[in-house]
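Here is the structure we will look at, set down as structure tokens.
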Amino acid sequence: MKDKDFPNYFRAGDKASIVAQSTYVNYVKWDLIFMVCGSTLTIFNYQDENSKTIIYVISGVLLLIATILSLVIKNKQFEDTWYRGRALAESCKTLTWRYITCSEYFENYLTVHEAKKRFIERITEIKDEFNDLNKELSANLIALPIITDEMKLVREFSLDIRKQYYLQHRIDNQINWYKNNADKNKSKYEGWFWAVIIAQILAIISIGFLIKFPNCNFNFVGLFSTLSACFFSWLQLKKYQENKEAYTTATSELNLIKQEAEEINSEGSFCKFVLDSENAMSREHTMWLAQKRK
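Mapping of the sequence shown onto my numbering: position 13 corresponds to residue 17, and the numbering continues sequentially without gaps.
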């Protein structure tokens with residue numbers, strides 16, 4: 005299924021999360037860049053007082069801008085919108101898959117009207133849980149249908165077709181996404197961690213150089229120390245290691261669950277299969293949101 009085939013609140017929550025994440029990351033990135041630029045200007049020890057004054061003023065302005073960006077980040081709470089928007093979207097997505105596969109609470113023996121009523125009631129409950137996001141959600145997306153044509157179509161499929169549809173568009177899709185992103189996060193974690201170590205080593209070398217040549221007009225200690233701190237902050241922001249572990253765990257769980265698909269021969273067994281699969285996929289986002297609340 006494509007994004008347009010999911011309910012309005014999934015699309016609204018997804019967009020709010022993506023926008024907040026992008027804004028948050030960009031603010032932090034520029035905050036760190038201004039800090040590095042400010043420390044770079046202080047590398048050379050100018051002898052001329054006018055030159056010193058100019059450099060110190062420019063450096064001070066850059067650090068002031070960085071401070072202002074930090075205050076904006078704190079007050080705007082982009083990270084909260086990012087996390088809660090993602091939780092809203094994923095909650096709606098999980099509910100959607102359960103609805104279209106006729107899983108628990110949306111069984112295929114229900115009438116079209118009763119199944120639709122139950123789905124809208126659950127979406128309303130989810131929406132109410134995230135009322136604080138209302139100001140961030142797009143009105144244009146909220147105005148879209150709660151139950152789309154694709155959702156209605158898939159729900160009418162036979163058991164075998166629904167099973168294949170779910171395996172292909174949900175299970176396989178998620179396994180591929182998790183395994184690819186687990187590897188990417190592992191590589192990025194190692195790369196940025198080595199950047200931290202190298203910057204720290206360069207700072208130590210710079211100190212040794214100043215000890216041997218105390219009259220040198222160049223001092224790189226502040227720059228490399230700042231770079232090391234910024235690289236470490238970026239690691240903390242992107243959570244590469246935590247993501248890698250979460251994605252690897254989800255891949256393993258889904259792959260084990262997928263092996264049970266061959267034994268599905270009834271609506272009851274398929275209902276349990278979907279429920280187990282959705283619980284495995286929602287666990288990552290539940291843990292993610294729980295970590296944010298700590």
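All C-beta atoms, glycine included, are put in the ideal place defined by N, C-alpha and C.
- By the C-beta density criterion, Phe123 is buried, having at least 16 other C-beta atoms within 10 angstroms.
- Look at Phe213 here: in three-state DSSP terms it is helix.
- In this structure, Gly226 lies near Thr46, with their beta-carbon atoms less than 7 Å apart.
- Spanning the alpha carbons of Asn269 and Ser107 requires a straight line of approximately 14 Å.
- One thing to note: Asp9 has its Cβ within 7 Å of the Cβ of Glu154.
- Taken through DSSP and simplified to helix, strand or coil, Phe48 comes out as strand.
- Residue state for Phe228 is assigned as helix, using DSSP reduced to three classes.
- Counting other Cβ atoms within 10 Å of its Cβ, Ala16 reaches 16 or more and is therefore classed as buried.
- Taken atom to atom, the span from the alpha-carbon of Tyr31 to that of Ser74 is near 8 Å.
- In this structure, Ala20 sits away from Leu214, with a CB-CB distance that is not shorter than 7 Å.
- Contact check for Cys96 against Pro149 fails: the beta carbons are separated by 7 Å or more.
- Under the DSSP definition of a beta bridge, Phe14 lacks any partner.
- DSSP places Cys96 inside the alpha helix (DSSP H), whose first and last residues are Phe82 to Ile104.
- Apart from sequence neighbours up to five positions away, the residues of its chain that approach Arg90 with a beta-carbon distance below 6 Å are Ser21, ordered along the chain.
- Ranked by how close their Cα comes to the Cα of Lys33, the residues Val278, Ala284 and Ala233 have Ala233 in first place.
- Below 8 Å, enough C-beta pairs join the stretch 61-68 and the stretch 35-43 to call them touching: three or more.
- In the three-state reduction of the DSSP assignment, Phe110 falls in the coil class, being assigned neither a helical nor a strand state.
- DSSP places Phe38 within a helical segment (H, G or I) once states are collapsed to three.
- Here Ser273 has Glu267 as same chain residues with Cβ atoms under 8 Å from its own Cβ, once five neighbours each way along the sequence are excluded.
- In this structure, DSSP gives Phe222 an extended state, which the three-state scheme calls strand.
- The criterion of a C-beta distance shorter than 7 Å is satisfied by Trp86 and Gln25.
- With 16 or more other Cβ atoms inside 10 Å of its own Cβ, Ala284 counts as buried.
- With a cutoff of 7 Å on beta-carbon distance, Phe48 and Phe224 are scored as not near each other.
- Here DSSP, grouped into helix, strand and coil, assigns Phe134 to coil.
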